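What follows is a set of notes on a single structure, which appears directly below.
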Amino acid sequence: MDGPSNAKGSTYIQVDVHYDGMFSPIPHLIYYLNQKTSITDVDFGGLNFKEFIHVLEDVTKGKCPVVYYCLGHKSMRDGLTPLKNDDDYRRFLDVAHGNEGKINVYIDHYNDSVLDWIEEEKEEKNVDSESSDEDKDSVMSDALSVDHEPDEEVIPLTKSDDPFLNYISVVPRDEFVDEDDDSDNGTKEAPIYPFHDSTQKWDTMQPILGMRFCNPQELKQLVSNYAVANGFNLWYEKNDKTRLLVRCCKTSEGKAACPFRLWATWMSSEKSFQIKSLRNEHNCARTFKFGSVVTYSWIGKHFVNDILENPKLSCREMRDKVGEIFNVKVSVGQCRNAKKFALNEIEGSLNTHYEKLWSYGAEILRANPGSTVKIGTDTMPDSTIYFSRMYVCIKGVKDGWIEGCRRVIGVDGCFLKGICRGELLSAVGRDANNHIYPIAWAVVAVENKETWKWFLNLLLKDINMGNGAGLTLLSDQHKGLIEAVKERVPDAEHRQCARHVYANFKKKFKGAAYRKLFWRAAKATTVQRFEGLMKEIRVIDIQAYDHLMERDPKSWSRAFFVLDRSCDAIENGICESFNVAIVHARKKPIITMLEEIRRFVMDRMYCKRLKGQKWNLAICPSIRKKIVDKRKHLRYWYVIPSGVLQFEVRSVHEVYAVYLNQRTCACRGWQLSGIPCIHAMSAISYLNENVEDYVATWFTTEMFGNCYKYTINPLNGSEMWPSWEGQPMLPPKRKRLPGRPKVNRKKAASEKEGRHTISKKGAITKCNICREPGHNKITCPLSKEGPSTKAKKKKGKHVPDVEDESEFEIEEMDEVENEYESESESEIEELAEDGDEPDQGQVDEQVEAVVEPDEQVEAVVEPDQEQVHEPDQDQVHGPVVEDPAAQPVVEVEQRAQPLKRKRKYSERITKVALRRVVNTKDGCGLSVNKPVTLE
Numbered sequence: 001m002d003g004p005s006n007a008k009g010s011t012y013i014q015v016d017v018h019y020d021g022m023f024s025p026i027p028h029l030i031y032y033l034n035q036k037t038s039i040t041d042v043d044f045g046g047l048n049f050k051e052f053i054h055v056l057e058d059v060t061k062g063k064c065p066v067v068y069y070c071l072g073h074k075s076m077r078d079g080l081t082p083l084k085n086d087d088d089y090r091r092f093l094d095v096a097h098g099n100e101g102k103i104n105v106y107i108d109h110y111n112d113s114v115l116d117w118i119e120e121e122k123e124e125k126n127v128d129s130e131s132s133d134e135d136k137d138s139v140m141s142d143a144l145s146v147d148h149e150p151d152e153e154v155i156p157l158t159k160s161d162d163p164f165l166n167y168i169s170v171v172p173r174d175e176f177v178d179e180d181d182d183s184d185n186g187t188k189e190a191p192i193y194p195f196h197d198s199t200q201k202w203d204t205m206q207p208i209l210g211m212r213f214c215n216p217q218e219l220k221q222l223v224s225n226y227a228v229a230n231g232f233n234l235w236y237e238k239n240d241k242t243r244l245l246v247r248c249c250k251t252s253e254g255k256a257a258c259p260f261r262l263w264a265t266w267m268s269s270e271k272s273f274q275i276k277s278l279r280n281e282h283n284c285a286r287t288f289k290f291g292s293v294v295t296y297s298w299i300g301k302h303f304v305n306d307i308l309e310n311p312k313l314s315c316r317e318m319r320d321k322v323g324e325i326f327n328v329k330v331s332v333g334q335c336r337n338a339k340k341f342a343l344n345e346i347e348g349s350l351n352t353h354y355e356k357l358w359s360y361g362a363e364i365l366r367a368n369p370g371s372t373v374k375i376g377t378d379t380m381p382d383s384t385i386y387f388s389r390m391y392v393c394i395k396g397v398k399d400g401w402i403e404g405c406r407r408v409i410g411v412d413g414c415f416l417k418g419i420c421r422g423e424l425l426s427a428v429g430r431d432a433n434n435h436i437y438p439i440a441w442a443v444v445a446v447e448n449k450e451t452w453k454w455f456l457n458l459l460l461k462d463i464n465m466g467n468g469a470g471l472t473l474l475s476d477q478h479k480g481l482i483e484a485v486k487e488r489v490p491d492a493e494h495r496q497c498a499r500h501v502y503a504n505f506k507k508k509f510k511g512a513a514y515r516k517l518f519w520r521a522a523k524a525t526t527v528q529r530f531e532g533l534m535k536e537i538r539v540i541d542i543q544a545y546d547h548l549m550e551r552d553p554k555s556w557s558r559a560f561f562v563l564d565r566s567c568d569a570i571e572n573g574i575c576e577s578f579n580v581a582i583v584h585a586r587k588k589p590i591i592t593m594l595e596e597i598r599r600f601v602m603d604r605m606y607c608k609r610l611k612g613q614k615w616n617l618a619i620c621p622s623i624r625k626k627i628v629d630k631r632k633h634l635r636y637w638y639v640i641p642s643g644v645l646q647f648e649v650r651s652v653h654e655v656y657a658v659y660l661n662q663r664t665c666a667c668r669g670w671q672l673s674g675i676p677c678i679h680a681m682s683a684i685s686y687l688n689e690n691v692e693d694y695v696a697t698w699f700t701t702e703m704f705g706n707c708y709k710y711t712i713n714p715l716n717g718s719e720m721w722p723s724w725e726g727q728p729m730l731p732p733k734r735k736r737l738p739g740r741p742k743v744n745r746k747k748a749a750s751e752k753e754g755r756h757t758i759s760k761k762g763a764i765t766k767c768n769i770c771r772e773p774g775h776n777k778i779t780c781p782l783s784k785e786g787p788s789t790k791a792k793k794k795k796g797k798h799v800p801d802v803e804d805e806s807e808f809e810i811e812e813m814d815e816v817e818n819e820y821e822s823e824s825e826s827e828i829e830e831l832a833e834d835g836d837e838p839d840q841g842q843v844d845e846q847v848e849a850v851v852e853p854d855e856q857v858e859a860v861v862e863p864d865q866e867q868v869h870e871p872d873q874d875q876v877h878g879p880v881v882e883d884p885a886a887q888p889v890v891e892v893e894q895r896a897q898p899l900k901r902k903r904k905y906s907e908r909i910t911k912v913a914l915r916r917v918v919n920t921k922d923g924c925g926l927s928v929n930k931p932v933t934l935e
């Protein structure tokens, strides 16, 4: 087959696909603002309806919810047909083959009532044809061939139910007036042009003739989006407050090389900036560099959300993102200005956020009566008010904690990671399933004793705990928090997170032995067991023992915890879990963050209540899982009854007394956790009773239901919040700390560095000879060689010392001597073979005459002289004067060769010697330790 054929019966047809447009029923049904592509290389006869839709989606790069087809010579009113199933698809192929293998396909992206519009148009046609024959011109003739492309004379709609269509104005059908139709007074009504919709997606914006804008800036934004989305090199030929002329492809002469032209000015009849003239034609190629069209403000507006989530976004990263998202090349300077613009936009919105904090708090109190919302401010001498702190505790949450949670609360603070600076304080409880139960949260500028005391004071009032009697608090080792608990909650038990205690401990005392003994001591439930483990630590290092005892073991070891709290936790993991759950909210502005936290708690309480209603259990699932895990160790314990519900439970070296009637065990584990320990479970199993009957009531499903039976009432939108008439509140002032701001988080010593070998960072090196710290075997004073006195080489280009150079030159002189001796011996042997042996006395005299300058140099070289004289330049640089009387007259030409080589050898030695004389450190003397002697 040579190629696709359009003959009838062939499976290859030409399908013209119209997409990314919209249907409009006014003045007649049309499809406009669309794109068009043709498909000619697909065998449609071998496809079914679903496969045909997949082909359309691949071509249009989008979904095709509703598909219509129509012949080119028919109007949409008479020829538009839906394509819904395989039967429609077979008819579609038959119609295409009957039309010489050509057909139009239209994609309806918005699911409009196109068929209803067709019926209405047909009814109007019938009514108009009966009333008057003059109106036939306004109805499209069946025999008229039309091209279904956008019509410049069509008046777009002014209103629509679809939000995507809000950028055009709609005229009701009964109010439409044709331009050619004169009214009773003989005048024509002006057409209604669309308004620009700034909320439209940026890459779908297109200029439309007559479109109206609030100001020129809106039109410039549309022009920039239109240019970037399509790759047009637009530029402003005229650009001021009253007019705007946009052209395409600027030449070196300053003229436009593309027919595109947009002209816009202010309207005289209304306060709108309108496109008065538009020639939307291009014959240019795509460009990736845009001049004045893509400004830093345009980039900044598109990156406001990115910078809001990541204020530390670098300019180079922003440049790469701009190229990746918009396919545009921009400079780092543009990105730097764009980031400043975006930060200024965010700062302006931040002021609005803090101004509405009063209204936000009032809305919480309106929707949830009985809640607590406290806002603290700082008033400056000029009466300016700055935000200081805010506390939120909702009525339904605190009521659930009072009725269904144990009297154990974890408190912690975490940093805000977004544009808002400060810290978030939180109080988190434990529900009956041993999961987190957020109670209250607060935003403060800094975490210190004052803010913690303020937070605890409000918290204790909400939960009715007074001075903390019967309450247990878990926290880290923050000094301000510890002092605040001592002053405000003196009657409460204060536990410190053992993980933080160990993190500080291992900074000084590292090793697996310390780690193992510490965690055993922290988890020891009896004082005797704790003291035994601490003695083992004392044997290893008494300083480690003293360090732990100074940290008050009553706050981090189970051996000293208060009983009957049904919680043996030694770590503050519940607060860490809450901080992780809201980590993304902590990057948002303050009201957005508080709203996300409130919605998180509200949704969590609803979901937990539904989940608890489905449980057909006596105790919660996580508690039952703990009991199942403990059952695996029952075989290691032997039970001996001693009385009514009294047992002695034994293992190899351990014995514990269990009293089931009192629900106690000598190990204290049952009393601490509220869950039977392994010894109590052994005794309960000995009686063939159910272990779940001996679990504390705090872990029952009934208590779980009490936790979550209350709700958080929903809030209204921000536009419906109560108004606040007071003075507006400003964001807190930023405090810039000395030094360069840290970008990366400070990693703990226990965190892995991702290396293939262990890190020696922070390790103290010791000498292999004396085993003392502070030096190695090379610099050890006990080493036989002793410490090296050789100076370290300086960085950069190496300049040799005079001593090093002199040694090098002496070696060079030796090489020259050896070279000369080898050469002279070979030459003498050659002359001897010729029969012309030179006289030895003559040779010696010649050598002495040549080496005379070196004798003068030797007189100059005195290493110990304080004052060194510079040699005479005539002696150094002058020519070698030979005594004519001392030179024999050689008539044979071959005899002159050895003498020339000897002279050359003498000159080389002289140069080396003189270089040692002249090339000194200070340029005025020698720094060598011995004179030059030539033999």
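So in full-length UniProt numbering, spot 446 of the sequence shown is number 446, and the numbers just go up one at a time. C-beta atoms are modelled at their ideal positions from N, C-alpha and C, and glycine is treated no differently. Computed from a prediction, not measured in an experiment: that's the story for all the values here.
- Between E493 and T472, the beta carbon gap of about 4 Å places them in contact (Cβ cut-off 8 Å).
- In terms of CA proximity to V223, V293 leads the group V293, A763, T251, F273.
- Looking at the backbone, the Cα of S783 and that of K766 are separated by about 14 Å.
- Scanning its chain for C-beta atoms nearer than 7 Å, with the 5 sequence neighbours on each side dropped, one finds around C258 the residues C248, C249, H282, N283, C284, in chain order.
- With contacts defined by Cβ atoms closer than 8 Å, H18 and N104 form a contacting pair.
- Nearest neighbour of I590 by Cα position, chosen from V644, V397, Y360, turns out to be Y360.
- Note: V42 is not bridge-paired with any residue in the DSSP secondary-structure output.
- When the alpha-carbon of L474 is set against those of A559, A498, G705, P490, the nearest one is in A498.
- In the structure shown, P553 adopts helical secondary structure according to DSSP, grouped into three states.
- Separation of the CB atoms of C567 and A432 is rounded to 12 Å, and the pair is thereby denied contact status at 8 Å.
- Counted as a single uninterrupted DSSP element, the beta strand (DSSP E) harbouring P438 occupies residues 436–444.
- Membership of S24 in the beta strand (DSSP E) is indicated by the continuous run 22–24.
- Under the 8 Å Cβ criterion, the stretch 495–514 counts as touching the stretch 547–563, having at least three qualifying pairs.
- When only Cα atoms are considered, H196 and Q274 end up about 10 Å apart.
- Apart from the 5 residues on each side of it in sequence, N776 sits with its Cβ closer than 8 Å to the Cβ of T765, C767, N768 in its chain, given in chain order.
- Taking a 10 Å sphere around the C-beta of V583, we find fewer than 16 other C-beta atoms and assign the residue as exposed.
- Considered as a whole, the stretch 579–646 harbours 590–613, 621–631 as its complete alpha helix (DSSP H) runs of no fewer than 4 residues, in chain order.
- Sorting N327, M380, Y437, Y226 by C-alpha distance to the C-alpha of Q727 places M380 at the top.
- Taking C-beta separations shorter than 7 Å and ignoring five residues to either side along the sequence, the partners of K508 in its chain run H547, following chain order.
- For K276, the three-state secondary structure derived from DSSP is strand.
- Buried is the label assigned to D108, since at least 16 other Cβ atoms lie within 10 Å of its Cβ.
- Taken through DSSP and simplified to helix, strand or coil, R430 comes out as strand.
- For the set L634, R604, P490, I385, the Cα lying nearest the Cα of G470 is the one of P490.
- For R389, the closest alpha carbon among the candidates I463, L594, N434 is that of L594.
- Leaving aside the five residues that flank W452 on each side, the residues in its chain whose CB is nearer than 6 Å to its CB run, in chain order, G480, L481, A484.
- For L219, the closest of T204, S198, V228, D203 by C-alpha to C-alpha distance is S198.
- In its chain, beyond the 5 residues on either side, T81, L83, F92, I103, N104, V105 have a beta carbon closer than 7 Å to the beta carbon of Y69.
- Cβ-Cβ distances below 7 Å link R336 to C315 in the same chain, with the five nearest sequence neighbours on each side left out; the list follows chain order.
- Beta-bridge partners assigned by DSSP to V15: I39, I103.
- The criterion of a C-beta distance shorter than 8 Å is not satisfied by G300 and I712.
- Of the candidates K340, A229, I208, I307, the residue whose Cα lies closest to the Cα of K201 is A229.
- DSSP places E487 in the helix class (H, G or I) of the three-state scheme.
- For Q496, no alpha helix (DSSP H) segment is defined; the enclosing uninterrupted segment is the beta strand (DSSP E) at 493–496.
- In terms of Cβ geometry, I385 and T377 form a close pair [threshold 8 Å].
- In the same chain as R520, and ignoring 5 residues on each side of it, the C-beta atoms closer than 6 Å to its own belong to L533, in chain order.
- Taken atom to atom, the span from the alpha-carbon of S277 to that of L244 is near 11 Å.
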